[in-house]
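Just so we're on the same page, this note's numbering is the position in the sequence shown counted from 1, plus 121. What follows is a short report on a single structure.
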Amino acid sequence: MKEFIQKAAFSVGFDACGFAKAEELTDDAAFLRSWLDAGMNGDMQYLERNFEKRTDPRRMVPGCKTVIVLLLNFFPEQVQNLHSHKIAKYAYPETDYHYVIREKLQKLEQKIADEFGNDCFASEFQHSFIDSAPVLERRWAQKAGLGWIGKHTQLIAPGFGSYVFIATLMLNRELNAYDEPIRDRCGTCTKCIAACPTQALQPGILDARKCISYLTIETKSEVPEELKEKLSGYMVGCDICADVCPWNKKWSVSHLHDELKPSEAILTWNDDDWERADGEQLRRTFRKSAIMRALKNQRKV
Ligand code: SF4
Ligand code: SF4
Numbered sequence: 122m123k124e125f126i127q128k129a130a131f132s133v134g135f136d137a138c139g140f141a142k143a144e145e146l147t148d149d150a151a152f153l154r155s156w157l158d159a160g161m162n163g164d165m166q167y168l169e170r171n172f173e174k175r176t177d178p179r180r181m182v183p184g185c186k187t188v189i190v191l192l193l194n195f196f197p198e199q200v201q202n203l204h205s206h207k208i209a210k211y212a213y214p215e216t217d218y219h220y221v222i223r224e225k226l227q228k229l230e231q232k233i234a235d236e237f238g239n240d241c242f243a244s245e246f247q248h249s250f251i252d253s254a255p256v257l258e259r260r261w262a263q264k265a266g267l268g269w270i271g272k273h274t275q276l277i278a279p280g281f282g283s284y285v286f287i288a289t290l291m292l293n294r295e296l297n298a299y300d301e302p303i304r305d306r307c308g309t310c311t312k313c314i315a316a317c318p319t320q321a322l323q324p325g326i327l328d329a330r331k332c333i334s335y336l337t338i339e340t341k342s343e344v345p346e347e348l349k350e351k352l353s354g355y356m357v358g359c360d361i362c363a364d365v366c367p368w369n370k371k372w373s374v375s376h377l378h379d380e381l382k383p384s385e386a387i388l389t390w391n392d393d394d395w396e397r398a399d400g401e402q403l404r405r406t407f408r409k410s411a412i413m414r415a416l417k418n419q420r421k422v
């Protein structure tokens, strides 16, 4: 079953596929609790809801015995105009990656269902997820042998680095063997922590309230006065801690996914273009893009 699913995952375009036994993530539950208690989630209250489900997939999808983890490389070949408001690489594609991954998951589920029957999924309804539990998807990827979680709190996948999307698929079948987690290879490096312009990072801990990604994408609240200057030039997200990571320099290779073709505007617009664009133009240009959510939160559209 494992071999079949792995081959099927590659055939629909995923770049990596690993398998982990579904169980409670005890250490992560303790960490998540203290992170939430410290208020580091800012106004992402959705991370406080369904705590038990987030830390145990068997509570999220009753009957779940195996978590399949899938990676999709999104490291782009091209870079933005150097004189442009900055957009994080995950948002370069013309089409929001959620749609791209959802389509791949549907194709994969169909192949699995054709081979093993519809009843091998952990739920008749929702059994696959993209970005539904951001912290823990990385942990599942680590457990499934696909990488380790770096001090910048992102997954680092050997052969790809950290510019990867993560999706999960839950099965109600137990497998004979699961993948072995990969050991942490950050060692004594602290480059990401030193490079973060807002001091949002401690080793393995991200204070989202200070992170440019959170401040430009997630929050609808006013940016704190002391951070406004640091955000200058950042439109959507931030890649600094990932860009400085030696493993990304070693492993990041351009993706080969036509579906993740970058938006022409994101590559070519300069600062003036961004400043001039009104709500209507932004809506028209980026209607299918992942940046729409951030633009809405920033009340630009
Ligand atoms: S994304 Fe940017 S602001 Fe956030 S932790 Fe990384 S370097 Fe710091
Ligand atoms: S920059 Fe260094 S410490 Fe940070 S994630 Fe990469 S290897 Fe780990």
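For each residue, glycine too, the CB sits at the ideal point set by N, CA and C. These numbers come from a predicted model, not from an experiment.
Look at residue i and residue j and say whether their C-beta atoms are less than 9 Å apart.
i             : j                 : result
alanine 415   : threonine 337     : yes
threonine 176 : lysine 142        : no
aspartate 148 : lysine 341        : no
leucine 146   : phenylalanine 172 : no
lysine 382    : proline 214       : yes
aspartate 136 : phenylalanine 281 : yes
With burial defined as no fewer than 16 other Cβ atoms inside 10 Å of the residue's Cβ, what is the status of residue i: buried or exposed?
i                 : result
alanine 159       : exposed
glutamine 263     : buried
serine 132        : exposed
phenylalanine 242 : buried
glycine 116       : Outside the modelled stretch of the chain, which goes from 122 to 422, sits residue 116, for which no answer is possible.
lysine 128        : exposed
leucine 229       : buried
alanine 329       : buried
lysine 369        : As written in the sequence, residue 369 is asparagine, which differs from the lysine given in the question. Buried, because 16 or more other Cβ atoms sit within 10 Å of the Cβ of asparagine 369.
What does residue i pair with, by DSSP beta-bridge criteria?
i              : result
valine 190     : Gly139, Thr289
alanine 327    : Per the sequence presented here, residue 327 reads as leucine, with alanine not at that position. Leucine 327 is bridged to Leu322.
alanine 278    : Gly282
tryptophan 269 : Ile277
proline 383    : Pro214
For ligand 2, residues whose Cβ lies under 5 Å from any non-hydrogen atom: Result (chain order): Gly271, Lys272, His273, Cys307, Cys310, Lys312, Cys313, Cys366.
Inside the segment 180–264 only - alpha helix (DSSP H) runs reaching at least 4 residues: The qualifying runs are 218–237, 255–264.
Within the segment 332–364, ranges of the alpha helix (DSSP H) (whole runs, at least 4 residues): Listed in chain order, they are 346–349, 361–364.
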